[in-house]
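The C-terminal position of the sequence shown is numbered 313 in our numbering, with every residue numbered one higher than the one before it.
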Amino acid sequence: MVEKFLLLFSLAPILRGFIAMIVSGAAFPLCGVMVLRLNLVPMRYMLMHGVILGGAVSLAMNLPVVPVSIVINLILIVVMMLFTKNSKFGFNGGSSAAMILSMAAASVIMHIADVPAKDTLSLLWGSPFALTNVDLYVLAALGILLGLYIILNFKNIIALFFNREIAQSLGINVRFHYGVMVCVVALVVALAMKILGAFLIDSLLILPVLTSSVCEGKSSGGIKKLFVRSSIFGLLFSVAGYVLAVMINWPPAATISVVSGFVYILVLIVRKILK
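As structure tokens, this is what we get:
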């Protein structure tokens with residue numbers, strides 16, 4: 039068993055995937071806290087559709103998927119922030135419109151450039167085995183920047199999570215920090231789509247945060263502990279799921295999702311019993 043493990047993890051695609059799982063498992067849940075606390079779940083769906091559009095553009099122009107997807111998602115974010123500031127429906131309404139237009143544009147591009155739909159829609163599944171060294175560098179840089187941003191701006195983040203108006207009255211540049219966090223979410227979604235795919239992205243983005251919240255219960259753990267616990271759960275989910283997938287020859291993304299979902303349900307059951 040040990041020899042098989044060492045042999046498999048000596049292969050470059052598997053080793054790159056393992057490194058990516060360590061980084062993403064620890065970093066993505068930090069972003070998930072932002073998604074849930076700032077109510078950015080609808081926007082996340084827009085960004086996932088933006089990655090599909092990025093895939094269509096990159097395949098049509100023979101460009102790398104991740105950088106193109108990141109650029110398109112950042113453009114969508116900028117457009118949303120510029121044109122939905124005073125909208126009655128806010129960011130959620132604008133993100134719904136952008137989601138529809140992204141898929142329409144992707145469909146038109148695939149038709150005009152004769153891009154096979156299966157190639158673009160493969161982004162819905164993702165694979166850590168398909169990551170390149172450049173993808174790892176981008177992922178590592180994003181993880182470091184995300185961690186540094188949270189550490190250096192923790193008080194501002196807490197204020198934004200609590201109430202934007204109060205944060206504004208305290209002299210915090212709410213629009214800047216909100217924009218930074220939204221852009222970070224856009225970058226994470228673009229990379230997570232490449233690693234896990236659209237259907238399984240929440241296994242590292244949302245489930246670790248929900249699991250941490252259930253463990254916290256009614257105790258006053260605070261945002262800091264929520265960040266830390268979510269990161270720990272994400273790391274455990276990603277590493278355990280990835281190693282299990284490699285050893286039993288299952289799809290890594292699906293296995294990670296099974297592990298994270300199982301632990302979340304188990305924690306819910308235990309919490310219910312102990313009440």
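Note that the Cβ used here is the ideal one computed from N, Cα and C, for glycine as well.
(message) Restricting to runs no shorter than 4 residues, where is the alpha helix (DSSP H) found entirely within the region 256-295?
(response) 260-286
(message) Given a cut-off of 8 Å on the beta-carbon distance, is the pair I244 and L97 in contact?
(response) As a position in the sequence shown, residue 244 is number 206, starting the count at 1. As a position in the sequence shown, residue 97 is number 59, starting the count at 1. Result no, Cβ atoms of I244 and L97 do not sit closer than 8 Å.
(message) Given this structure, state the Cα-to-Cα distance separating T158 from S276, to the nearest angstrom.
(response) Within the sequence shown, the letter at position 120 stands for residue 158. Within the sequence shown, the letter at position 238 stands for residue 276. Distance between the alpha carbons of T158 and S276 is about 25 Å.
(request) Enumerate, from N- to C-terminal direction, the unbroken alpha helix (DSSP H) stretches of 4 or more residues contained entirely within the region 176-259. (result) 192-200, 202-207, 212-233, 240-243, 245-254
(message) Measuring only the C-alpha atoms, how far is N111 from L225?
(response) One-based indexing of the sequence shown puts residue 111 at position 73. One-based indexing of the sequence shown puts residue 225 at position 187. C-alpha separation (whole angstroms): 8 Å.
(request) State the DSSP-derived secondary structure class of A151, mapped to helix, strand or coil. (result) Here the question's residue 151 lines up with position 113 in the sequence shown. If DSSP states are grouped into helix, strand and coil, A151 belongs with coil.
(message) Relative to the C-alpha of A142, which candidate in G132, H87, L161 has its C-alpha closest?
(response) Here residue 142 corresponds to residue number 104 of the sequence shown, with the count starting at 1. Comparing Cα positions, the closest option is H87.
(request) Just mark Y302 as buried or exposed, buried being the case when its beta carbon has 16 or more other beta carbons within 10 Å. (result) As a working mapping, residue 302 is identified with position 264 in the sequence shown. So Y302 counts as buried.
(request) Name the residue from P246, M219, P105 whose alpha carbon lies nearest to the alpha carbon of T170. (result) Residue 170 sits at position 132 when you count from the first residue of the sequence shown. Out of P246, M219, P105, P105 has the C-alpha closest to the C-alpha of T170.
(request) State the start and end residues of the unbroken alpha helix (DSSP H) segment that holds A58. (result) Translated into the one-based positions of the sequence shown, residue 58 becomes position 20. Its alpha helix (DSSP H) spans residues 50-75.
(request) Note the first and the last residue of the continuous alpha helix (DSSP H) segment covering S165. (result) Counted from its first residue, the sequence shown places residue 165 at position 127. Segment: none, S165 is in no alpha helix (DSSP H) and carries neither H nor E.
(request) Indicate the three-state DSSP secondary structure (helix, strand or coil) for N111 in the structure shown. (result) As a working note, residue 111 is residue 73 in the sequence shown. Helix.
(request) Would you mind sorting L312 into buried or exposed? The rule is 16 or more other CB atoms within 10 Å of its CB. (result) Within the sequence shown, residue 312 is the residue found at index 274, counting from 1. That one is exposed.
(request) Note down, in chain order, each residue of its chain lying with its Cβ closer than 6 Å to the Cβ of F127, except the 5 sequence neighbours on either side. (result) Here the question's residue 127 lines up with position 89 in the sequence shown. Bear in mind that a pLDDT of 47 at F127, under 50, signals an unreliable position, so the model cannot answer this.
(message) Would A65 and G164 qualify as a contact pair, given that the criterion is a beta-carbon distance under 8 Å?
(response) As a first step, residue 65 must be located in the sequence shown, where it is residue number 27. As a first step, residue 164 must be located in the sequence shown, where it is residue number 126. In this structure, G164 does not lie closer than 8 Å to A65 by Cβ.
(request) For G209, count neighbouring C-beta atoms within 10 Å of its own C-beta (all shown protein chains included) and say buried if the count is 16 or more, exposed if not. (result) The sequence position of residue 209 within the sequence shown is 171, counting from 1. It counts as exposed.
(request) For G92, collect the residues of the same chain with a Cβ closer than 6 Å to its Cβ; drop the 5 residues on either side in sequence, then sort them by chain order. (result) Start at 1 with the first residue of the sequence shown, and residue 92 comes out as number 54. Excluding sequence neighbours, G92 sits near V106, S107, I110.
(message) Suppose contacts are defined by Cβ-Cβ distances below 8 Å. Is A278 in contact with V297 by that definition?
(response) For the purposes of this step, residue 278 is identified with residue 240 of the sequence shown, where counting begins at 1. For the purposes of this step, residue 297 is identified with residue 259 of the sequence shown, where counting begins at 1. For A278 and V297, yes; Cβs fall inside 8 Å.
(request) Put N171 into one of helix, strand or coil per three-state DSSP. (result) Counted from its first residue, the sequence shown places residue 171 at position 133. Three-state DSSP puts N171 in a helix.
(message) Three or more C-beta pairs under 8 Å: does that hold for the region 190-200 against the region 45-65?
(response) no
(message) Less than 8 Å between C-beta atoms, sequence neighbours within five positions excluded: which residues of the same chain meet that for L44?
(response) Locating residue 44 in the sequence shown gives position 6, where the first residue counts as 1. Excluding residues within five positions, none has a Cβ falling inside 8 Å.
(request) Measure the C-alpha to C-alpha separation of F300 and A230 and round it to an integer number of angstroms. (result) Residue 300 sits at position 262 when you count from the first residue of the sequence shown. Residue 230 sits at position 192 when you count from the first residue of the sequence shown. Their Cα atoms are separated by approximately 20 Å.
(request) With L91 as the anchor, note down where its alpha helix (DSSP H) starts and where it stops. (result) If you number the sequence shown from 1, residue 91 lands on position 53. Taken as a continuous stretch (DSSP letters only), the alpha helix (DSSP H) holding L91 covers 79-99.
(request) Quick one: residues in its chain with C-beta nearer than 6 Å to the C-beta of L273, no 5 flanking neighbours on either side, listed in chain order? (result) For the purposes of this step, residue 273 is taken as residue 235 along the sequence shown, with counting starting at 1. Same-chain partners within the cutoff: G63, A64.
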